[in-house]
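**Q** Going by my numbering, the first residue of the sequence shown is number 29, and it counts up by one from there.
Every residue gets a Cβ at the ideal spot worked out from N, C-alpha and C, and that includes glycine.
It should be emphasised that the depicted structure is a prediction, and the values quoted were computed from it without experimental measurement.
Following this message is one structure expressed as structure tokens.
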Amino acid sequence: GGAHRAFISVTQRCSHSSTALKPQYDAVIIGAGHNGLIASAYLQKGGLRTAVLERRHVLGGAAVSEEIIPGFHFSRASYLLSLLRPHIYQDLELKKHGLKVYMRDPYSFTPMLEDGVGGRPPRSLLLGSDLTNTRQEIGKFSEKDAKVYPDFLRYLETLACAIHPLLDAPPVDIPGLTQGSLTKRLSALRSLKPLVKSGLKLGKNIPDFYELVTAPAMKVLNRWFESEPLIATLATDSVIGANTSPNNPGSGYVLLHHVMGELEKEKGSWGYVEGGMGGVPQSIARSARSLGADIFTNTDVEQVLIGPDGSAKGVVLTDGTEVHSKVVLSNATPHVTFKRLTPQDALPEAFITAVDQIDYTSPVTKINVAVDKLPDFLAAPNGADGKAGPHHQCSIHLNCESVEVLEDAYWEGQHGRPSSRPMIEMTIPSVLDPTLAPPGCHVVSLFIQFTPYLLEGRRAWTDEDKERFGDTVFDWVERYAPGFKASIVGKDILTPADLERVFGLTGGNIFHGSMSLDQLYLARPLPSIADYRSPVKGLYLCGSGSHPGGGVMGAAGWSSALRVLADFKRL
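Spelled out as structure tokens, the structure:
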């Protein structure tokens, strides 16, 4: 579904595939985001003939590389890789299929907006895996914080490791445990194993875990630390992509969510993919195709086909072509799946009402910028040779001097106004990956909060509004890195409405639905469909809108494929 519908010839459809679209498959997957592609690989491994149908010209959903300015290759939406489940990385041999990741160390840089003392530059905070250096950096603001920081990391890691079993398995099968024959109920007992495993791993830390996932992040951070730049930098992880404040209950879970990364065996690390984020789906697609899956771009699904018995029988494309299958998996958001792609008379009225209540609020605007020189920060001036410093490879946190600055930005967004001093996470991946930009030039990603979907709650963004907000953002970057505005050679501004229009992200939400406590685990996206099965027999969710949610790369695709394969055996 979505905009830019067109009649597609078979030759266009097959531009990225060596085979023609067949009229019959065992499984059809709507959408070639990373979860859909991962599901296709595992279904094909399990013996199901599988096709993936992508409406856009490029694979990857929101994890795409696009040359939107000649010579500059952008990770247009998603921009960092982490939380890619290690077993998927190994099973699908993604390294063999071309996935290359540049690890970042150090990984976080927070420059201050302040006057330097005695001719020295303004202070900054640089965090990396070298604890000696990191503690020295923190010590510039607080010796006490420098001392306890390693303990804080151990505390978070203990909690994060304990919930890995929950990320790597479907939620507890409540219908299986409570309905049907004794044999079925006994079989469903297996679904309790990950929960028990997590509980045993947490042990005496269960109260700490409960507090972290339910409390405001600030309650936890204030107990550990006293220096504002460190607290504000860590607090950004509790709100990134989420329409929340670090003072709101539940923001602690988002904080934990962002330290759960496992990339090249380094927990909590985030890396740049060579060639941009599109390298991830491309490597998964190569793996899936090597197993026999068919993958097509420019293939727009109009609707799920429902048979006389009320079960899914395949899909019909916008050009009228029917593709029949025994099961259909949707990598679209729950809203797109159940409000646009599924005939409404096939769904219970109460279910449609529940789908309408899912929260997709997004505070995010993404700006991609092409520049003709490396940003030069007052807090860490470039050397005479013009080469990148360690801080250039980091997530660069601007307007993070204090939590008060973040809080003010949040409240402006809640009142329907783009933040006048927005929270900005800046990355410059071309510092590590020279394939992204011409020599001497760079691609800059600006991930910005807080911006509303509608201005003043009622008005769509105009091009003038977008330009005005872009100028506000660039003015702030300029204050930290003078000369930035003059270096801009092109830009691409994506408000929440643009993220929805281009990538099919309902509300512009990067997680396919808010990662709030009422929309996690047994309630993601709704309690009745937390097991990936929809009310329509043979129709499943496989995207980030289902457990374990956005950001945990590939887990929903893997778990939904397991669910489908288990159900298929019973057919």
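Assuming Val399 contacts Ser542 under a Cβ cut-off of 8 Å, what Cβ separation, rounded to an integer in Å, is found between them?
**A** Wrong, their Cβ atoms sit about 33 Å apart, outside the cutoff.
**Q** Check whether the region 466–481 touches the region 91–101, counting contact only when three or more Cβ pairs, one atom from each stretch, lie closer than 8 Å.
**A** A contact exists between the region 466–481 and the region 91–101.
**Q** To the nearest angstrom, report how far apart Glu440 and Ser556 are at their CA atoms.
**A** For Glu440 and Ser556, the distance between alpha carbons rounds to 35 Å.
**Q** Does the Cβ of His115 have 16 or more other Cβ atoms within 10 Å, making it buried, or fewer, making it exposed?
**A** Classification of His115: exposed, given that the 10 Å Cβ count is below 16.
**Q** Could you give the residue range of the alpha helix (DSSP H) that holds Met246?
**A** From DSSP, the alpha helix (DSSP H) with Met246 extends over 245–252.
**Q** Suppose the cutoff is 6 Å on Cβ atoms and the five residues either side in sequence are ignored; what does the same chain contact list for Leu545 look like?
**A** Taken in chain order, the residues that qualify are Gly278.
**Q** Go ahead and pull the three-state DSSP assignment for Gln331.
**A** Strand at Gln331.
**Q** Touching or not, the region 234–245 and the region 201–215, by the rule of three or more beta carbon pairs under 8 Å?
**A** Not touching, per the Cβ criterion.
**Q** Which same chain residues end up closer than 6 Å to Ser255 when comparing Cβ atoms and leaving out the 5 residues on each side of it in sequence?
**A** The residues are Phe169, Ser170, Asp173.
**Q** Whose C-alpha, out of Thr370, Gly535, Leu548, is nearest the C-alpha of Gly16?
**A** For the chain, the structure presents residues 29 to 599; residue 16 sits outside this window and is missing.
**Q** Do you know offhand how far Thr186's Cα is from Leu230's?
**A** One C-alpha to the other measures close to 8 Å.
**Q** Under 8 Å by Cβ, that's how I've got Thr261 and His425 pegged, so tell me the actual separation to the nearest angstrom.
**A** Between His425 and Thr261 the Cβ distance is about 5 Å, and since that is below 8 Å, they are a contact.
**Q** With the cut-off set at 8 Å, would you say Lys354 and Asp559 are in Cβ contact?
**A** Taking 8 Å as the Cβ cut-off, Lys354 and Asp559 do not qualify as a contacting pair.
**Q** Tell whether a beta-carbon distance below 8 Å holds between Ala584 and Ser572.
**A** It is a contact, given that the beta carbons lie within the stated cut-off.
**Q** Rounded to the nearest angstrom, how far is the Cβ of Ile312 from that of Leu108, given a contact under 8 Å?
**A** Rounded, the Cβ-Cβ distance is 17 Å, inconsistent with contact.
**Q** Report the rounded CA-to-CA distance for Tyr130 versus Met305, giving the unit in angstroms.
**A** Approximately 12 Å between the Cα atoms of the pair.
**Q** Can you tell me which residues form a DSSP beta bridge with Ser152?
**A** DSSP output for Ser152 lists Pro139 as bridge partner(s).
**Q** Kindly indicate the opening and closing residues of the beta strand (DSSP E) around Thr78.
**A** First-last of the beta strand (DSSP E) with Thr78: 78–81.
**Q** With a threshold of 7 Å on Cβ separation, who are the neighbours of Ala216 within its own chain once the five nearest residues in sequence on each side are excluded?
**A** Contacts found: Asp201, Gly204, Leu205.
**Q** Please report how far the alpha carbon of Leu127 lies from the alpha carbon of Gly74, in whole angstroms.
**A** Roughly 23 Å separates the two Cα atoms.
**Q** Mark Thr327 as exposed unless 16 or more other C-beta atoms lie within 10 angstroms of its C-beta, in which case mark it buried.
**A** So Thr327 ends up on the buried side.
**Q** Buried or exposed: Ser587, going by 16 or more other Cβ atoms within 10 Å of its Cβ?
**A** Counting Cβ neighbours within 10 Å, Ser587 comes out buried, since at least 16 surround it.
**Q** Would you kindly report the start and end of the unbroken beta strand (DSSP E) that includes Phe539?
**A** Run containing Phe539: none; DSSP gives neither H nor E here.
**Q** Does the beta-carbon distance from Pro257 to Met140 come in below 8 Å?
**A** Cβ distance < 8 Å, so Pro257 and Met140 count as in contact.
**Q** Between Ile452 and Trp489, which are expected to be in contact by the criterion C-beta below 8 Å, what is the C-beta distance as a whole number of angstroms?
**A** The pair is not a contact, with the Cβ atoms about 18 Å apart (cut-off 8 Å).
**Q** Unbroken beta strand (DSSP E) runs of length 3 or more, entirely within the region 79–112: which are they?
**A** Listed in chain order, they are 93–97, 100–103.
**Q** Let me know if Val224 comes out buried or exposed under the rule of 16 or more other beta-carbons within 10 Å of its beta-carbon.
**A** Val224 is exposed by the Cβ-count criterion.
**Q** Looking only at C-alpha atoms, which of Gly88, Lys519, Leu155 sits nearest to Ile58?
**A** Nearest C-alpha to Ile58: Gly88.
**Q** Expressed to the nearest angstrom, what Euclidean distance is found between the alpha-carbon atoms of Leu195 and Lys221?
**A** C-alpha separation (whole angstroms): 13 Å.
**Q** Would you identify the three-state DSSP class for Glu350, choosing helix, strand or coil?
**A** Glu350 falls in the strand class under three-state DSSP.
**Q** Note down the Cα distance separating Tyr183 from Asn276, rounded to an integer number of angstroms.
**A** Roughly 21 Å separates the two Cα atoms.
**Q** What are the start and end residues of the beta strand (DSSP E) that includes Val324?
**A** Residue identity differs from the one stated: residue 324 is Phe in this sequence, not Val. Looking at the DSSP string, the run of the beta strand (DSSP E) that includes Phe324 is 322–324.
**Q** Tell me the DSSP secondary structure of Ala340 in three-state form.
**A** Three-state DSSP puts Ala340 in a strand.
**Q** Please state if the CB of His540 and the CB of Thr361 are separated by a distance shorter than 8 Å.
**A** Result yes, Cβ atoms of Thr361 and His540 sit closer than 8 Å.
**Q** Excluding sequence positions up to five away, which residues of its chain have a Cβ less than 7 Å from the Cβ of Ser315?
**A** Excluding sequence neighbours, Ser315 sits near Ala69, Leu120, Glu121, Leu122, His125.
**Q** Mind listing, in chain order, the continuous alpha helix (DSSP H) runs of no fewer than 4 residues lying wholly within the region 173–239?
**A** DSSP runs (the alpha helix (DSSP H)) wholly in the region 173–239: 192–195, 202–206, 210–216, 221–230.
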